[in-house]
Every structure is written in C-alpha cells, then in structure tokens.
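Everything on this sheet refers to the single structure shown next.
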Amino acid sequence: MLAVERLSRHFGGLRALEDVSLAVRDGEILGLIGPNGAGKTTLFNVVTGFLRPTAGRVRFRGEEITGWPAERVTARGIARTFQNIRLFREMPAVENVVVGEHVRTRATLLDALAHTRTHRAEESAGRERARALLALVGLAGRETTPAGALAYGDQRRLEIARALATRPALLLLDEPAAGMNAAETEALMALIRRLRDSLGLTVLLIEHDMRLVMGVCDRVAVLNFGRKIAEGSREEVRRDPAVIDAYLGRRAERRAPAAQGAGDVVLAVEDLRAGYGRGDVLHGVSLEVRAGQIATLIGANGAGKSTLLRTISGLLRPRTGQIRLGQVAIGGAAPDRIVGLGVAHVPEGRQILARLTVEENLRAGAYARRDRNIEHDLAALGERFPVLRERRAQPAGTLSGGEQQMLAIARGLMARPRLLMLDEPSLGLAPQFVDRVFEVVLGVQAGGVPVLLVEQNAQRALETAHWGYVLESGRIATQGAAMRLLGDAAVQRAYLG
Ligand SMILES: Nc1ncnc2c1ncn2[C@@H]1O[C@H](COP(=O)(O)OP(=O)(O)OP(=O)(O)O)[C@@H](O)[C@H]1O
Ligand SMILES: [Mg+2]
198 MLAVERLSRH FGGLRALEDV SLAVRDGEIL GLIGPNGAGK TTLFNVVTGF
248 LRPTAGRVRF RGEEITGWPA ERVTARGIAR TFQNIRLFRE MPAVENVVVG
298 EHVRTRATLL DALAHTRTHR AEESAGRERA RALLALVGLA GRETTPAGAL
348 AYGDQRRLEI ARALATRPAL LLLDEPAAGM NAAETEALMA LIRRLRDSLG
398 LTVLLIEHDM RLVMGVCDRV AVLNFGRKIA EGSREEVRRD PAVIDAYLGR
448 RAERRAPAAQ GAGDVVLAVE DLRAGYGRGD VLHGVSLEVR AGQIATLIGA
498 NGAGKSTLLR TISGLLRPRT GQIRLGQVAI GGAAPDRIVG LGVAHVPEGR
548 QILARLTVEE NLRAGAYARR DRNIEHDLAA LGERFPVLRE RRAQPAGTLS
598 GGEQQMLAIA RGLMARPRLL MLDEPSLGLA PQFVDRVFEV VLGVQAGGVP
648 VLLVEQNAQR ALETAHWGYV LESGRIATQG AAMRLLGDAA VQRAYLG
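Below, the structure is given as structure tokens:
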C-alpha cells in the first residue's frame, strides 16, 4: 500500500532520516518504534507532504506521491493524527470532525456561499457522519464539548475521528495512547483492531507504549538516529539485541524511594471545589504533600487531576476550599506569586515556548530565582539530559515530542522549587527515558523537594511514590501508602491493567 524508498531528510547537519526504506502492506497494522528523536514523526511528515524529503521517494498504491502538498496526499487517501494535538480548541468536537470531511465533500465553495441544496444536504449528512465517527471512537455524548475542554486522552480520540472523516485507506497514528491509562489504552487497542477488521483500513502506528505495540501490530519497524535498525514480527523485534540496546533497554534496577520522614505538611488542600464554566470538576478535594514525600495522584482521563494542579498553581480560581503552602494561604493568588513562593508546575502536554531556544526555555524556568547557582544548574541538567545540551540553540518547537517533554521537566527543575508538581512526565517518552524521568523524580525527593506527581502510568507512579491518591470524577475515592494501593484489587482492576 505504501512504499518508502531510500528516504532521507536532513536539518542542517542533523540526519533526522537517513536512507530509510519501508513497506506497509495492504490491511496490516505496522508499528513504528524507536528512541525519542529517532525520526518517526519526521517520516510521517514526509509521507503526508508536511516536509519535503532531502532524497528518496514515497509511493502510495503504486503512484509516486513524493513532494505532493499535504491536501493532495489527504485527498488521495492518507490521513494522520498529530503527536502535538492540533484541534480547533474553541470549536465543538463534532465541528472538528466536520472540518475533516471537507476534503471529501463534492459541494464547491460557490455552493457553500450560495447555500445551495447540495451544500445543505451534504452538510447535514456530514454532521450525521461526524456523530457516528465520534461514537465509533468512544466520544458519544461529547459532541458539543469544545475540543479544548476535553481531557487529553479524549482529544487524542477526537483527532482519530477527524482523520477518519477524510475517508482514508491508510491511517497514520502518532502516539495515540499518550495520556491514556491502562484501561483506556485497552479500549484504544480494540478500536484500532476494529478500524482494520471492519473498516478495512491499513494502519501505520508510532507508539512508545509497548503493550499497545505488542498487542495490535502485525509487524514492527524500528528507527534509531534516523536509520532503520530492524523490521519483522513482534517476536523478532522484541528479541533483537540491537533493539534492546537502542530502545527497550534492560530492566534497570528499580530504586525505591528514600524513606519518608514524618515531615511537615508542605502543601495542604482542603475541600477544594473548582471547574470551568458552570459545572464543577472538583467536588471537594482534600490532600496533602509532606516534606520529603512523593505523593501521586492517579485516575482516569477527565477525573480532574490536571484541573487540581492548575488550581494549586493559580491558573484556575478555587470556588471554595483552602490551599496552603506551608503556613501561607495561596488559594486564588496570582500564578506568578505562587511560582515566587516556590511552586513549580510542569504542565501536561509540554507547553514549552516554541519560538525560544532550548537554553532560553531553561533560563525562563529560573526567572523567579535570585541566587547565583543558575549556571551550575544549567550544566547539571545538561549532564542529566545530554540531548538538551547538544540542542541548546535549537528552537524548542522543532524538538521531537520526547525531547520537548524532557525540556519541560528540566525547565521545572530550573526553578529550584519548594514543591514540584509534574503532570504526566512520562508522556511521549521512550522506555529508557521513562526510567530516567522516574530516576529524576527520586533524585528531586532525595534532594529534599517534595513532589506531587500526576501519572497515567499508575504502576510506575505507585512504585515510585510514598503515598497515593485515587481521583474519581472529581473526588478522592481512595488514598493510602503507595505500596498498599499497588496491591489493592480495585485499584489494580481500574488502573493497573
Ligand atoms: N526543523 C528542525 N530543525 C532542526 N532539527 C529538527 C527539526 N525538526 C526535527 N528536528 C530533529 O530531528 C530529530 C527527529 O525528530 P522526530 O520528531 O522525527 O523524532 P521522533 O522519532 O518522532 O521522536 P519522539 O518519539 O520524541 O517524538 C530530532 O532530534 C529533532 O530535534
Ligand atoms: Mg515524534
């Protein structure tokens, strides 16, 4: 169906893709994996016409499409989703899907302006189809919700529905499971199988979640430093020593968190209610984080975890309830005052400053500091994240997804906070970097800074934390020592898969 032949794409001296050949067979689900920055998204960008190749060709159903503009590629039958979600955030979910249909509708712009019958008929048929697609991806009932107000994992499903609206034969998915917990990933796997088995689609899938890759892919190809290093069945790839070295890594020894003393309460949240628009998302949440502690907050997409962090960091006003940092009441204070008091919040989905360089982003993280150790900290972070040191002059927006995630975390550390809040730090990271991030979390705690960690990877979060809170529909449903929650049957069923 798709043949990529000796494809290269360079950025200055950087070989993001180098001489890659790959064939996707009709009706298969092919996985594309590899470390952060390996060139996976670049391959999607070249195939779909977002980037021109430096060398090589792309063929789709026998026809050469190399260098075609993106709209033409889409119209020919290739659709994609984006690693960094691209939705019209203010528009209702259903309208985002309708937009996808427009590449296919027959009515011309003139019809649209004249409001002719063809146009109206197609519009209502289009909206019907869009609703059906939303139901297919599991978003029935959310049709009128603005895309930006959906939980992150739901936005990823909406991206799939929009891609399907262009009626593709080949669907390219860029990290569809990012931001989903174990149960949601299961549902996504079933959806991807259904797309192939019932709709007859061919799927090329980039994903770091190995359970998903091994669960749905017929074959897997592996990129490393822009080159293809392996291709074959799941089993062949899983056992390939080059893949293990470059990507899967050997199970690092898990460091348990340093014992937590009976520290003072650093953050106290009491009976907090908050939300957007008319409804509440948090219905009276209480929790605390003590000195020397890693506390984790787990729960499904849309449970309110990110909303809680946003309220603590002042991005959202609490409606009732208390938030205290040490002795100081911070509920309702301005975000920069809260940063100044020592709360660093690494938001979900990166939100780095795309036009600034890597180094400028890191320095921005230290803006509230008055001490002289900033240069020292920059150098130390360069040791921890070598890629950020290598790329210090690169505009942050051109980093790969995983590289941006590392930058977001490093920027949070640059604040030398009293409390570090991380919203899904493992999002989009290759397995060996997930290990590194949890190491960083342990290092922060060992250095005396308590951490409030929100994670979809509930297993790893509970293995790393001292205390866990389970948030369900805006309420703390369960809390306890993280070790105990790991063994709790209900928690296992709902979140550990
Ligand atoms: N416009 C650009 N200028 C310079 N470097 C770039 C540009 N675009 C991409 N790169 C670099 O090319 C490399 C490959 O990026 P790509 O986004 O394809 O990686 P990826 O395999 O998708 O990684 P991830 O899993 O982290 O998303 C990265 O190191 C990235 O920093
Ligand atoms: Mg990518």
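Numbering (the working numbering), first residue to last: 198 to 694. Note that the Cβ used here is the ideal one computed from N, Cα and C, for glycine as well. Because the structure is a prediction, the values reported are computed rather than measured.
Once you ignore the five residues that flank residue i on each side, which residues in its own chain have a CB closer than 7 Å to its CB?
i       : result
Lys-237 : Leu-229, Gly-231, Ile-403 and Leu-420
Ala-439 : Ile-426 and Ala-427
Gly-490 : Here residue 490 is Gln; the residue named in the question, Gly, does not match the sequence. Taken in chain order, the residues that qualify are Gln-457, Gly-460, Pro-647, His-663 and Trp-664.
Gly-501 : Val-478, Leu-479, Leu-668 and Gly-671
Arg-258 : Met-198
Arg-390 : Val-413
Arg-273 : Phe-257 and Ile-262
Ile-571 : Ala-563
Glu-621 : Gly-376, Glu-545, Val-651, Glu-652 and Gln-653
Arg-393 : Gly-224, Ile-226 and Val-400
Ala-384 : Gly-335
Measure from the C-beta of residue i to each C-beta in chain C and report whether the shortest distance is under 9 Å.
i       : result
Gln-591 : The structure shown contains no chain C, having only a single protein chain.
Please state whether DSSP places residue i in a helix, a strand or coil.
i       : result
Arg-161 : The structure shown does not extend to residue 161, since the chain spans only 198 to 694, so no value can be given for it.
Asp-468 : strand
Asp-442 : helix
Leu-616 : strand
Gly-677 : strand
Leu-650 : strand
Tyr-692 : helix
Gly-644 : coil
Ala-289 : Note on residue identity: the sequence assigns Pro, not Ala, to residue 289. Residue state, collapsed to three classes: strand.
Ala-526 : strand
Gly-599 : helix
Pro-454 : coil
Gly-665 : strand
Val-462 : strand
Can you find the residues in the same chain that come closer than 6 Å, C-beta to C-beta, to residue i, ignoring five residues on each side of it along the sequence?
i       : result
Thr-263 : Arg-254 and Val-255
Leu-538 : Leu-522
Phe-582 : Met-603 and Ala-607
Ser-757 : An answer regarding residue 757 cannot be provided, because it is not within the stretch 198 to 694 covered by the chain.
Val-244 : Val-255
Leu-649 : Val-486, Ala-492 and Met-618
Ala-541 : Gly-609, Ala-612, Pro-614 and Leu-617
How far does the beta strand (DSSP E) with residue i in it extend, from its first residue to its last?
i       : result
Glu-202 : 199-208
Ala-576 : Run containing Ala-576: none in the beta strand (DSSP E); it sits in the alpha helix (DSSP H), 571-581.
Ala-418 : 416-421
Ala-492 : 491-495
Thr-517 : 517-522
Ile-426 : 424-430
Gly-695 : Residue 695 lies beyond the range of the chain shown here (198 to 694); nothing can be said about it.
For residue i, which residues of its own chain have a beta-carbon under 8 Å away from its beta-carbon, when the five flanking residues on both sides are left out?
i       : result
Phe-285 : Glu-292, Asn-293, Val-296 and Ala-344
Glu-202 : Ser-218, Gly-253, Arg-254, Val-255 and Arg-256
Gln-519 : Ala-465, Val-466, Glu-467, Asp-468, Leu-469, Ala-526 and Gly-528
Arg-534 : Gly-511 and Ile-527
Pro-515 : Leu-469, Arg-470, Ala-471, Thr-508, Gly-528 and Gly-529
Arg-588 : Val-555, Leu-596 and Glu-600
Ala-380 : Ala-497, Ala-691, Tyr-692 and Gly-694
Over what stretch of residues does the alpha helix (DSSP H) that includes residue i continue unbroken?
i       : result
Ala-541 : Taken as a continuous stretch (DSSP letters only), Ala-541 belongs to no alpha helix (DSSP H), being part of the beta strand (DSSP E) at 540-543.
Pro-622 : Unbroken run through Pro-622: none, as it is neither H nor E.
Val-536 : 532-537
Arg-657 : 655-661
Arg-514 : Where Arg-514 is concerned, there is no enclosing alpha helix (DSSP H), given that its DSSP letter is neither H nor E.
Leu-550 : Where Leu-550 is concerned, there is no enclosing alpha helix (DSSP H), given that its DSSP letter is neither H nor E.
Thr-554 : Element bounds for Thr-554: n/a, residue is neither H nor E.
Arg-507 : 502-509
> Should the region 567-577 be called in touch with the region 497-515, which here means at least 3 C-beta pairs below 8 Å?
Replying inline: no
>> My parser needs the beta strand (DSSP E) runs of 3 or more residues fully inside the region 336-411; what are they?
In response: 367-371 and 399-403
> Do the region 518-535 and the region 589-605 meet, that is, are 3 or more Cβ pairs less than 8 Å apart?
Replying inline: no
> Per the contact definition of three or more C-beta pairs closer than 8 Å, is the region 422-431 in contact with the region 390-403?
Replying inline: no
>> With a threshold of 8 Å, are at least 3 pairs of Cβ atoms found where one atom belongs to the region 489-501 and the other to the region 655-673?
In response: When Cβ pairs closer than 8 Å are counted between the two stretches, the region 489-501 is seen to touch the region 655-673, the count reaching three or more.
>> Runs of 3 residues minimum, wholly inside the region 211-283: which ones carry the beta strand (DSSP E) assignment?
In response: 211-221, 226-230, 252-257 and 275-277
>> For the pair the region 365-376 and the region 339-357, tell me if three or more CB-CB distances fall below 8 Å.
In response: yes
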